[in-house]
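Take a look at the structure below.
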Amino acid sequence: MPHALRQPPRGHGGHVALWVLLATLLLLAVAMLIPVERRIDPSDFPWSATPTGDGGSRVFGLTLGQSTLREAEQRFQEPAEISLFLSPDGHYAAEAYFDKVNLAGLGARIVLTAGLSQEELKALFEAGERISTLGDGTRKVTLSGEALAAVYSAPIATLTYLPRIQLDRTLLEKRFGPPAERLREQESGVEHWLYPERGLDIALSEREKEVLQFVPPRDFERLVAPLRSTGEK
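Read in order, the letters of the sequence shown are residues 1077 to 1309 in the numbering used here.
Structure follows, in structure tokens:
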């Protein structure tokens, strides 16, 4: 008699499929744990600031005196806090504050000022909605609508970089080179390293983190003029 056909063992195919699924999930989990090397843009470092040859400079991929505050917001991938200030001596300034910027793995705060005339800023101040007074007597106004749009479309006049980590003097001198001039504030003792060709003033203090302020090189002397009148070498 012909032999009866044997039925294949039940359940073996399901076990194989389950093992394949588990192995796949395990490989995916391992792959997720492997760190992915991120490509760092050289312009993300503050020491990559370069003069443009026409009296301007580029910092973090932004051209001072040309790039707008809105472009800075796109560059830093963070919304800015826009405020307009009136100091006790009658000087107006519009600032864009970025609280959590991360460039090249370095956390920092960045403050930009808008390149608008005092007459333009005064008109914007008078169009402001809410006015508050700070401890030193400075008045601060919140902008909206057309006034806010005007600040966003203004070119960047200055860029101040406030690192969240300590950048010691050895590192700064290695990256930027020796400063062209050193000045010290008489009252506070803060030392300033000046780099006219970069439009850079680095403020160094024993108690506070470093402050790096960039302006177009053509405006550098105007930036340091108050310091020269009161500081000492």
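For glycine and all other residues, C-beta sits at the position ideal for the given N, C-alpha and C. It should be emphasised that the depicted structure is a prediction, and the values quoted were computed from it without experimental measurement.
Asked                                                                                        : Found
Cβ shell of Leu1145 (< 7 Å), same chain only, five flanking positions each side left out     : Ala1156, Ala1172, Leu1188, Ala1190, Val1227, Tyr1228, Ala1230 and Ile1232
Residue from Leu1299, Gly1132 and Ala1170 whose Cα sits closest to the Cα of Leu1224         : Ala1170
Residues near Gly1213 by beta carbon distance below 6 Å, same chain, minus five either side  : Pro1164
Limits of the unbroken alpha helix (DSSP H) element including Ser1305                        : Phe1296 to Thr1306
Span of the alpha helix (DSSP H), counted from its first residue to its last, around Gly1221 : Gly1221 to Tyr1228
Lys1198 versus Lys1176 - alpha carbon distance                                               : 29 Å
Alpha-carbon to alpha-carbon, Arg1151 and Leu1160                                            : 22 Å
Identity of the residues DSSP links to Arg1185 by a beta bridge                              : Leu1238
Glu1113 burial status per 10 Å Cβ neighbour count (16 or more: buried)                       : The predicted position of Glu1113 is uncertain, since its pLDDT is 49 and thus under 50; no value can be drawn from it.
Unbroken alpha helix (DSSP H) run spanning Gln1289, endpoints                                : Where Gln1289 is concerned, there is no enclosing alpha helix (DSSP H), although the beta strand (DSSP E) it sits in stretches over Val1287 to Phe1290.
Beta carbon of Leu1140 nearer than 8 Å to that of Gly1132                                    : yes
Arg1283: first and last residue of the uninterrupted alpha helix (DSSP H) it sits in         : Premise fails: Arg1283 is in no alpha helix (DSSP H) and is neither H nor E.
Spatially closest choice to Gly1166 from Ala1180, Arg1274 and Phe1201, by CA coordinates     : Phe1201
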